[in-house]
Amino acid sequence: MNKQFVPLLAILTLSLSSLAQQNIDSVYVSATRLKVKKIEAGKNITLISAKEIKQLPVTSVDELLQYVAGINTNSRNGFGVQSDIGMRGSTFSQILILVDNQRINDPLTAHFNNNIPIPMSEIDHIEVVRGSAAVSYGADAVGGIIHIKTKTYEGLNNPGSFSFDGNMAIGQNNLTLTDVGFHQQNQKFGYSAAIKTTSSAGEQLVNPNYIGSGLGDSLYNNYFDLKTYTAALTYKTGNWKLYARGGSDFRDFAAKYYYTASAYDESLEQVNAYWTQGAAIYNAANSTTEFNISYRNNNDSFAFNPLFPSNVHTTQRTNATLNHTRVLGKTEVAFGGQFDQQDIVSTDRGDHSLSTQALFALANKKFNNLYVNGGVRLEYSENINLQLVPQLNLSYLMNGYVLRSSIGRSIRQADFTERYVSYLIPNLSAGRNAGNPDLEAESAYTLDIGVDVNKSEKLQWTNTLFLRQSSNLIDYVNTNSNDITNLTNLKPSTTYMYATNISESFTWGDELSVKYRAYKGEKAQVNTQLNYTYINTSTPDSVLSKYIANHPIHNVNAIVNIGLHRFNWLIGASLITRNEETIDAIDAEIKPNYTLINSKISYSSSIVPVKLYVEVRNALNTQYQEILGAKMPSRWVYGGLTWVL
-7 MNKQFVPLLA ILTLSLSSLA QQNIDSVYVS ATRLKVKKIE AGKNITLISA KEIKQLPVTS
53 VDELLQYVAG INTNSRNGFG VQSDIGMRGS TFSQILILVD NQRINDPLTA HFNNNIPIPM
113 SEIDHIEVVR GSAAVSYGAD AVGGIIHIKT KTYEGLNNPG SFSFDGNMAI GQNNLTLTDV
173 GFHQQNQKFG YSAAIKTTSS AGEQLVNPNY IGSGLGDSLY NNYFDLKTYT AALTYKTGNW
233 KLYARGGSDF RDFAAKYYYT ASAYDESLEQ VNAYWTQGAA IYNAANSTTE FNISYRNNND
293 SFAFNPLFPS NVHTTQRTNA TLNHTRVLGK TEVAFGGQFD QQDIVSTDRG DHSLSTQALF
353 ALANKKFNNL YVNGGVRLEY SENINLQLVP QLNLSYLMNG YVLRSSIGRS IRQADFTERY
413 VSYLIPNLSA GRNAGNPDLE AESAYTLDIG VDVNKSEKLQ WTNTLFLRQS SNLIDYVNTN
473 SNDITNLTNL KPSTTYMYAT NISESFTWGD ELSVKYRAYK GEKAQVNTQL NYTYINTSTP
533 DSVLSKYIAN HPIHNVNAIV NIGLHRFNWL IGASLITRNE ETIDAIDAEI KPNYTLINSK
593 ISYSSSIVPV KLYVEVRNAL NTQYQEILGA KMPSRWVYGG LTWVL
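Using the working numbering, count along the sequence shown one by one with no gaps and you end on 637.
This is the structure we're talking about:
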């Protein structure tokens, strides 16, 4: 670890501490589809409230997750433009992202999974559940799940709730940011609407293609223009609760070196998504039945270079789940089924469909201070055949300690890009990604053992050791075309990055999180939080792959929250070590270690419920990349106001 980490880490550890701590004894979580408390779940779970989101120096969900132990983000730009989210060293394809019980993972590529159709102002809380959660929610939940619960959906259980939240800011590089949401729940009707826009001309950067090859312009801007809109309705009558949501997400951004290291890369990208979902819930005396359904339409237009035609992909995903829970004595059981339909129409991948069906059963029972929950799932598609997915979670309460362990299997089937990228491109150029239509399903077994300590309001900490054994992992591997037998558009004796089932990998690591209230007075307080994650991934024969080990090895992040009268100063710091990579031709470098500091100073008005703030991103002006070639923003200053009614 770099020597500069040591004094900074010491300062953060000694003087600072946690954001608002929820009472974990009373918080129910969705680690499974059963209604279990956090201390009963047997999983390592982090809950992030709307209040905590407001305090942090973040504008998007991926930025927020950078301050959560066990999560790694590989971003291509700031402010939520595009990020690959991993957990416990998983690839970005092995995380399941849910909004109000429904998956939003994109069937084209997991690069779009962070295109979340919910503004920050509409989020009630976020549950981060580490480890396999495939029994309840299906494929892709290998590293874990990120479950976003909206104010409208949660308002079904909170009649009379009301909120009007907002954040408006301007800053360097013509940055403008707006995030405004309104929600109200009456006895019968509830409704909400929210909008989020983020745009900037971007930073002006030297074009390595021009310097090295005389291609393109001498300078370029990594601009971005992001817009998200959503609205929702609820209705309650008798034993019934109804919920419906619609939304859209539009993104236009410079994508240079996002996916390639080619000297011809002058990429621009537009991604337009439309999202709708609904739920019908029936509550009886000792049972609940819930039907959830969602539909996502995503259109991606990717222009690699103005000299070439754009690749255009349109995907559709329909997902439906019927779930019934019932209390039988001291045991709660749940069972149900799930249906998932994916379709793609693409200029370079072709037209394809995939249908998946699943049945699941879950149970939760208490034995004195021991809580046992788990279940089994059967999942079928023509690509993966019939898969059995078991899960067992244990939690034991002892004098302010929670001892827990979880073991389970998870699966993931290849997305349309992994199976068909470049499928229709004749005489594919050397070095390009090539899909594999015969990919088998990934399989992983995960075991973790952990402890949570919550003996006082002043100090809480949690630590978890995890291990994951994976087989048939999908990644892009340098392969000679003479060894590829299921594609006809390749040049002979040429090397491609070919989507392949790597035989296996082994990942292990540790997650530590400490929250400490250093001081609390009548008009002043100092709170701190420290997270540390270690991840080690190994593959047999040191197979050279693209994504499997593309995660930090050491990831330390800390939060300092200092309040004095109406002023508040929050510092967020990350200290990261990675495997070093370089490509000199395009000035691409992933450094072996780097330090990031974000700072936010705010003032609360005594007249109206408004806070004025100034935020400094990347205060040390660190030059770094998380995806090889995609330069992350330098120091960036902006300011604005937030409010909560």
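The beta carbon of each residue, even a glycine, is placed where N, CA and C say it ideally should be.
| Item | Value |
| --- | --- |
| Simplified DSSP state of M112, which is helix, strand or coil | helix |
| Alpha-carbon to alpha-carbon, P484 and I138 | 43 Å |
| Sub-8 Å separation of G400 and A126 beta-carbons | yes |
| Sub-8 Å separation of I87 and G135 beta-carbons | yes |
| C-beta atoms of A622 and R68 nearer than 8 Å | yes |
| Cβ distance (whole Å) where N167 is taken to contact Y616 below 8 Å | The sequence shown places Leu at residue 167, rather than the Asn named in the question. That pair is no contact at about 20 Å. |
| Same chain, Cβ closer than 6 Å to I336, neighbours up to 5 away in sequence not counted | T307, H344 and F408 |
| Short Cβ contact (8 Å threshold) for S373 with S338 | no |
| S75 versus L320 - alpha carbon distance | 44 Å |
| Beta-carbon proximity check, E114 vs T222, cutoff 8 Å | yes |
| Start-to-end residues for the alpha helix (DSSP H) that takes in I203 | P200 to S205 |
| Beta-ladder partner(s) of I181, from DSSP | Inspection of the sequence shows that residue 181 is occupied by Phe rather than by Ile. Paired residue(s): Y227. |
| R309 to L197 span [Cα, whole Å] | 37 Å |
| Cβ separation of V518 and I554, assumed to be a contact under 8 Å, to the nearest whole Å | 5 Å |
| For L633, the nearest candidate out of G366, T454, P601 and H543 (CA to CA) | P601 |
| Residues sharing a beta bridge with P382, DSSP | V368 |
| Whole-angstrom C-beta distance between G194 and L186, which should lie under 8 Å | Before going on, a small fix: residue 186 reads as Ala here, not Leu. With 8 Å as the limit, A186 and G194 do not qualify as a contact, their Cβ atoms being about 25 Å apart. |
| Supposed contact pair F156 and L637 - C-beta distance, whole angstroms, cut 8 Å | 4 Å |
| Own chain, CB closer than 7 Å to N150, minus 5 neighbours either side, in chain order | Q177 |
| Sub-8 Å separation of H305 and R341 beta-carbons | yes |
| Rounded separation between K46 and I140 - CA only | 15 Å |
| Minimum length 3: unbroken beta strand (DSSP E) runs contained in the stretch 13 to 74 | 37 to 41 and 63 to 67 |
| Separation of V469 from T531, as counted between CA atoms | 13 Å |
| Three or more C-beta pairs below 8 Å linking the stretch 54 to 62 and the stretch 388 to 396 | no |
| Counterpart residues of H557 in DSSP-defined beta bridges | None, per the DSSP bridge assignment. |
| Distance CB(S414)-CB(R424) smaller than 8 Å | yes |
| When K29, V50 and G328 are compared against I589, the one with the closest alpha-carbon | V50 |
| Cutoff 7 Å; reference L604; Cβ partners in own chain excluding five residues on either side | S594, Y595 and L633 |
| DSSP three-state assignment for A577, whether helix, strand or coil | helix |
| Contact between the stretch 345 to 364 and the stretch 102 to 111 (3+ Cβ pairs under 8 Å) | no |
| C-alpha distance - I162 paired with L225, whole-angstrom precision | 32 Å |
| Burial state of Y129 (16 or more Cβ within 10 Å) | buried |
| Cross-strand partners of F664 (DSSP beta bridge) | Residue 664 cannot be examined here, being either before or after the span of the chain that is shown, -7 to 637. |
| Closest residue to M112 among S22, A295 and K219 (Cα-Cα distance) | K219 |
| Distance CB(L378)-CB(G367) smaller than 8 Å | no |
| Option in S192, D209 and T190 with minimal Cα separation from N199 | D209 |
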